[in-house]
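Numbering (this note's numbering), first residue to last: 9 to 273.
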């Protein structure tokens, strides 16, 4: 005989992704999290910003633990895009930088963990997440924090201005401003200009560290585009986009999580 009494609704399982490019630190944080929050389900472990953003957009986790300084997209880049890709995902930044970063975090609706992660501080973060006392991400706060981190943590690094690339037996000197886009190709990266293609050995994730971030943007896990080479963008009903270039006939696919880059176009 069935029980006619109303049943309490099932409690949603809290899920999380952990994004940290150093594998030992990532493994350590996962282990610490599972001890501090046994009910938490880790649905993805990511080693760079691009895979973290893809995981957030696909899995829409309750929480994303993001290392601020990752290859390619930084934790700040991921958080800014995640605000639209998965607005209910709570963000916890992991940072090795104290003082200037902590001040900014304390004044916003963002939590943080300092490296090496202190168990007492992690417990406090878990309690805050479990209580759902935080609010959604503030895009203006993310941008202000990004500017502060670029100036104070990373230093005034000069962006890459030219590269040497192979085209058959020829080695070409290519101005970075002349590059329309970079495309990952197994162990190589294809450098595409109006005149043709060449190869370099530097992977996509390393290129993002040395390119001007105001000009070159990742639009797909395998593609970095020069925004000055973009003529137009076409959006489809799925949330993805297609870029039309000024001096190339082919088009470039834009994954849905990266469409936030073009929301004002």
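For each residue, glycine too, the CB sits at the ideal point set by N, CA and C.
Option nearest residue i by Cα separation, candidates the options
i	options	result
residue 24	31, 270 and 60	60
residue 90	66, 102 and 104	66
residue 268	191, 29, 254 and 249	249
residue 167	216, 33 and 95	216
residue 186	256, 137, 35 and 125	256
residue 228	98, 31 and 259	259
With 16 other Cβ atoms within 10 Å as the buried cut-off, status of residue i
i	result
residue 194	exposed
residue 37	buried
residue 139	exposed
residue 53	buried
residue 262	buried
residue 177	exposed
residue 70	buried
residue 201	buried
residue 209	exposed
residue 108	Interpretation of residue 108 is limited by its pLDDT of 47, a score under 50 that renders its predicted location unreliable; the figure taken from the coordinates is listed afterwards. That one is exposed.
Other residues of its chain near residue i: CB distance less than 6 Å, five sequence neighbours each side excluded
i	result
residue 44	130, 131 and 134
residue 205	198
residue 163	Confidence at residue 163 is low in this model, with a pLDDT of 48, below 50, so the placement of that residue is unreliable and no value is reported for it.
residue 220	167
residue 115	With a pLDDT of only 49 at residue 115, under 50, the local geometry of the prediction cannot be trusted, and the value read off the model is given with reservation. Closer than 6 Å at Cβ, skipping near neighbours: no residue.
Same chain, Cβ closer than 7 Å to residue i, five either side skipped, listed in chain order
i	result
residue 78	27, 29, 56 and 57
residue 75	27, 28, 29, 83 and 102
residue 181	170 and 172
Sub-8 Å separation of residue i and residue j beta-carbons
i	j	result
residue 47	residue 22	yes
residue 85	residue 100	no
residue 237	residue 252	no
residue 81	residue 226	yes
residue 123	residue 93	no
residue 102	residue 121	yes
residue 241	residue 190	no
residue 218	residue 235	no
residue 230	residue 207	no
Own chain, CB closer than 8 Å to residue i, minus 5 neighbours either side, in chain order
i	result
residue 247	264 and 267
residue 51	23, 24, 25, 63, 67 and 69
Just list the beta strand (DSSP E) runs in the region 221-273, keeping only unbroken ones of 3 residues or longer that don't cross its boundaries, in chain order. 224-228, 231-234, 238-243, 249-253 and 259-262
Output the residue ranges of the beta strand (DSSP E) runs that lie fully inside the region 67-98 and measure 3 residues or longer, sorted by chain position. 71-75
Kindly provide the ranges of any beta strand (DSSP E) runs that are 3 or more residues long and lie completely inside the region 169-196, ordered along the chain. 170-175, 178-183 and 187-193
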